[in-house]
Amino acid sequence: MRRTGARLRLRTRAARASGSTERATEGRDVPDNDERGGRPHDVANAERSGTDGMFGPGGPEGVRARMRVLCVVLWAAAAALLARQLTAVLRLPPGDRLTDLETWVGPQGVLHVSGSLYDTGRFTGTPFGGLVLKPLREAAQDTLGVLWTVASLLLVVVLGLVVARAVPRPRSHSRLVPLLVAPVAICLFLVSLPVRNAFHTGQLSILPVLLVVLGCFAVRKDVPAGILIGLAAAFQPTMLLFAPLLWLTGRRRAGLSTLGTFLAGTALAWIAQPHDSWTYWVHHIAGAGLGSSDELANQSLHGALLRFGLHGPAELALYAVLALLVVYAGLRRAVRYAADGQPLLAVAITGCVAVAISPTSWQHQMLWVLLTVVGRVGTKAADRYVWPIAVVLALSLTPKVLLPNMASLDPITQNIILIAALAAACVVPFLSTSAPAYEHPVPTVHLPRRPARWSWVPLLPVWRWVARRPNLLLELLLIRVGYAAYSEVRKAARGGRATAEDHGDIVHSIEKFLHIDIEHWANHAVVKVSWLEDFFNFYYESFHFVVPLAVLAILFIRRPAEYRWARSALGFATLLALLGFWLFPLAPPRLMPTLGFIDTVHGVQDFSKPDYGSLTAVTNQYAAMPSLHFGWSLWCGLVIAILAPKWWMKALGLLHPLFTVSAIVATGNHWVLDAVGGATVVGLGFGITYALAGPRGRTRTVGMAAEPSGPGGPDAGAPPARPRSSVAGGTS
Numbered sequence: 055m056r057r058t059g060a061r062l063r064l065r066t067r068a069a070r071a072s073g074s075t076e077r078a079t080e081g082r083d084v085p086d087n088d089e090r091g092g093r094p095h096d097v098a099n100a101e102r103s104g105t106d107g108m109f110g111p112g113g114p115e116g117v118r119a120r121m122r123v124l125c126v127v128l129w130a131a132a133a134a135l136l137a138r139q140l141t142a143v144l145r146l147p148p149g150d151r152l153t154d155l156e157t158w159v160g161p162q163g164v165l166h167v168s169g170s171l172y173d174t175g176r177f178t179g180t181p182f183g184g185l186v187l188k189p190l191r192e193a194a195q196d197t198l199g200v201l202w203t204v205a206s207l208l209l210v211v212v213l214g215l216v217v218a219r220a221v222p223r224p225r226s227h228s229r230l231v232p233l234l235v236a237p238v239a240i241c242l243f244l245v246s247l248p249v250r251n252a253f254h255t256g257q258l259s260i261l262p263v264l265l266v267v268l269g270c271f272a273v274r275k276d277v278p279a280g281i282l283i284g285l286a287a288a289f290q291p292t293m294l295l296f297a298p299l300l301w302l303t304g305r306r307r308a309g310l311s312t313l314g315t316f317l318a319g320t321a322l323a324w325i326a327q328p329h330d331s332w333t334y335w336v337h338h339i340a341g342a343g344l345g346s347s348d349e350l351a352n353q354s355l356h357g358a359l360l361r362f363g364l365h366g367p368a369e370l371a372l373y374a375v376l377a378l379l380v381v382y383a384g385l386r387r388a389v390r391y392a393a394d395g396q397p398l399l400a401v402a403i404t405g406c407v408a409v410a411i412s413p414t415s416w417q418h419q420m421l422w423v424l425l426t427v428v429g430r431v432g433t434k435a436a437d438r439y440v441w442p443i444a445v446v447l448a449l450s451l452t453p454k455v456l457l458p459n460m461a462s463l464d465p466i467t468q469n470i471i472l473i474a475a476l477a478a479a480c481v482v483p484f485l486s487t488s489a490p491a492y493e494h495p496v497p498t499v500h501l502p503r504r505p506a507r508w509s510w511v512p513l514l515p516v517w518r519w520v521a522r523r524p525n526l527l528l529e530l531l532l533i534r535v536g537y538a539a540y541s542e543v544r545k546a547a548r549g550g551r552a553t554a555e556d557h558g559d560i561v562h563s564i565e566k567f568l569h570i571d572i573e574h575w576a577n578h579a580v581v582k583v584s585w586l587e588d589f590f591n592f593y594y595e596s597f598h599f600v601v602p603l604a605v606l607a608i609l610f611i612r613r614p615a616e617y618r619w620a621r622s623a624l625g626f627a628t629l630l631a632l633l634g635f636w637l638f639p640l641a642p643p644r645l646m647p648t649l650g651f652i653d654t655v656h657g658v659q660d661f662s663k664p665d666y667g668s669l670t671a672v673t674n675q676y677a678a679m680p681s682l683h684f685g686w687s688l689w690c691g692l693v694i695a696i697l698a699p700k701w702w703m704k705a706l707g708l709l710h711p712l713f714t715v716s717a718i719v720a721t722g723n724h725w726v727l728d729a730v731g732g733a734t735v736v737g738l739g740f741g742i743t744y745a746l747a748g749p750r751g752r753t754r755t756v757g758m759a760a761e762p763s764g765p766g767g768p769d770a771g772a773p774p775a776r777p778r779s780s781v782a783g784g785t786s
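According to my numbering, the sequence shown holds residues 55 to 786 in order.
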């Protein structure tokens, strides 16, 4: 295990064979490497010894300079997040911060009340945890809060440093990897929901994770390592699963030490608090009945079954069966990956099993799932990002951001972290280190560069078009998160009613000067024709989201290269529109009280509290400039007009923006200049995409000469791509 930098000593035949093979072949030619499916030996040596392919030209000195700059930037970001977290906790009033800690050791806390720790239902930890916390009863609350927060931050930093040393690293730059990985790990921990929740509540959940990681990777001797892991199990009993992991991977003394420390700590708690120990271990069956186990915060199998409506002996029996299956599958995978030379992944999988089968696994205890990002999934270079991004999003954002707020999705939304833990423990096919794709995934195939149409337009080679369609899961996640961010920014861009109405007067005056103030005439003319009013109302409410999503779906399936081009242009246009919402809040015509407009969609308005139907609570009605109703419809029309093979398809596509601009003006929801603004941001979106990536890629050129992009560039010995248009992968 020395090549991974970890100290989890695994005495298995497979590990010894792997190490001996490496030592025997290091520095020698391996003539049959190509026949075994690996990279050519000269290329592999170049990738291990050279740096130009990874960091660009400049030689070793240039590489070291870049690495130093990157290291400084990453550590500065980590320091900024640490300072932000400290400030976010300490600026809260005493009653709103460290709420669980206050419940335990405060003046009216559980530890001050005579009787059992579990009488009030506010304490769900082990008796050993209560015994450890009791000395804190006499501490001054303000001082304790500051010290507790600072100590928790230090635990996060130490955890990041230990994890960075355990991360598998390439032979080149092996000394630099921990310096770069440590700040990244600290940043990911600090933005994750488990750590943020632990800081808010004052929970101990970071400590068991750190104790286990220290025991597996930082302590050399088996007995002290087992003591650390046993202490973690005394706080969180399911951490005992690390004892069989240690036993099965050859560290039997560490496994026995873990079990002995856990039993000693539990026995000490029995002696000091016999009634509480009986209540926890016997009456509540290892804490299974403590707290509100069916709450959404309990991301365990037991909590999920309770939320599904199961109760009583049937639920407990099913829970026991499922827990045994998860333990069998998860531990088996953990042992296999440990023997394969991936000890950190093995520890992370075991942690996921532990929190999944625990009777209660609160949000602040789910940090193990985040550690599974060290596993490599997918044989293609582009697919390597899918699992880490999915895990980071699931552990950093609320479920309402990741998934639509639909009742049919509640089983997924309510258990999303549990699903991630179970997937990591039992399902996700992490690659073995012996797989050729582990070190050298199939490179991303880029389309050949096309010359610029206009020589006077400067092109910035920021990215290159990719022939294959992107990963569907990653696209759906990014689209959903992007839309959630768009909604939040749009809601936050509020300048107040007075400012929005003043801007409305300005826009109206400009239109009068330009003789394009047709909104009032169109609005009242449509009201006189009932069928036309109904048509425009229906069109305005029905097609704003449906048509763009349909266009994206068709392009994703039929024209993947063009999908990337169209998606990028739409994304840039939406970002520019958000800037307009923020800088220029604008009241639409229907919310201008003195101009006499009729709201055909929502009826007569109370201008102090305008109504927008079901979207009233989730949208900003003063975000009218630019009009994305028209902007998105124009994007749809242009994409269809450019890519559709038939003239009638092009004409039909262009009808959509025509009907949309008519609807937004006739219903009083936008000014004419709003539509001009929407057209402007769409044009800029296409222009920015062109400037950053050049002329759009074309799907029909996939079978032509394409350039694989790997660690060594186009000529790094990567196999040519097969001429298929349905293979996922690539970056935009």
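Each residue gets a CB set at the ideal place from its N, CA and C atoms; glycine is no exception.
| Query | Result |
| --- | --- |
| With 16 as the cutoff for other CB atoms within 10 Å, does residue 504 come out buried or exposed? | exposed |
| Helix, strand or coil for residue 338, going by three-state DSSP, please let me know. | coil |
| Where do the N-terminal and C-terminal ends of the alpha helix (DSSP H) with residue 714 fall, by residue? | 701 to 720 |
| Can you find the residues in the same chain that come closer than 8 Å, C-beta to C-beta, to residue 457, ignoring five residues on each side of it along the sequence? | 463, 466, 467, 470, 534 |
| Taking Cβ to Cβ, would you say residue 271 is nearer than 8 Å to residue 294? | no |
| If we count the other Cβ atoms within 10 Å of its Cβ and call it buried at 16 or more, is residue 173 buried or exposed? | exposed |
| Looking at the unbroken beta strand (DSSP E) that takes in residue 500, where does it start and where does it end? | 498 to 500 |
| Is it buried or exposed for residue 365, if we count other Cβ within 10 angstroms and need 16 for buried? | exposed |
| For residue 644 and residue 624, what's the separation of their Cα atoms in angstroms? | 27 Å |
| Along the chain, where does the alpha helix (DSSP H) containing residue 584 start, and where does it finish? | 584 to 596 |
| With DSSP as the reference, label residue 381 as helix, strand or coil. | helix |
| What's the gap between the Cα of residue 121 and the Cα of residue 129? | 12 Å |
| Name the DSSP beta bridge partners of residue 640, please? | 677 |
| Which stretch, first to last residue, makes up the alpha helix (DSSP H) that contains residue 454? | 453 to 456 |
| Please classify residue 562 as buried or exposed, where buried requires at least 16 neighbouring CB atoms within 10 angstroms. | buried |
| At 4 residues or longer, and completely inside the segment 275 to 303: list those alpha helix (DSSP H) runs for me, N to C. | 276 to 289, 296 to 302 |
| Using the three-state DSSP reduction, which class does residue 362 fall into: helix, strand or coil? | coil |
| Just to confirm before moving on: does the CB-CB distance between residue 688 and residue 733 stay below 8 Å? | yes |
| Okay, do the segment 510 to 529 and the segment 585 to 593 touch, 3+ Cβ pairs below 8 Å being the bar? | no |
| Between residue 240 and residue 132, which are expected to be in contact by the criterion C-beta below 8 Å, what is the C-beta distance as a whole number of angstroms? | 4 Å |
| Helix or strand or just coil, what does DSSP make of residue 484? | strand |
| Tell me where the alpha helix (DSSP H) around residue 652 begins and ends. | Careful: residue 652 lies outside any alpha helix (DSSP H) and carries neither H nor E. |
| Could you tell me which residues DSSP pairs with residue 431 in its beta bridges? | 484 |
| Flag this pair as yes or no: are the beta carbons of residue 407 and residue 385 separated by less than 8 Å? | yes |
| Quick check: residue 704 and residue 695, are their CB atoms within less than 8 Å of each other? | yes |
| Report back the beta-carbon spacing between residue 373 and residue 359 to the nearest angstrom; my notes put them in contact at under 8 Å. | 6 Å |
| Do you know how far the Cα of residue 250 is from the Cα of residue 421? | 11 Å |
| Quick one: residues in its chain with C-beta nearer than 7 Å to the C-beta of residue 450, no 5 flanking neighbours on either side, listed in chain order? | 245, 246, 247 |
| Could you give the DSSP three-state label for residue 683: helix, strand or coil? | helix |
| According to the neighbour-count rule (16 or more other Cβ atoms, all chains shown, within 10 Å of its Cβ), is residue 459 buried or exposed? | exposed |
| Count the other CB atoms, across all protein chains shown, that sit within 10 Å of the CB of residue 729; report buried if there are 16 or more and exposed otherwise. | buried |
| With burial defined as no fewer than 16 other Cβ atoms inside 10 Å of the residue's Cβ, what is the status of residue 452: buried or exposed? | exposed |
| With a 10 Å radius around its C-beta and 16 neighbouring C-beta atoms as the bar for buried, classify residue 700 as buried or exposed. | exposed |
| Please state if the CB of residue 178 and the CB of residue 344 are separated by a distance shorter than 8 Å. | yes |
| Using only the alpha-carbon positions, how far apart do residue 594 and residue 714 sit? | 7 Å |
| So what does DSSP say about residue 153, is it helix, strand or coil? | helix |
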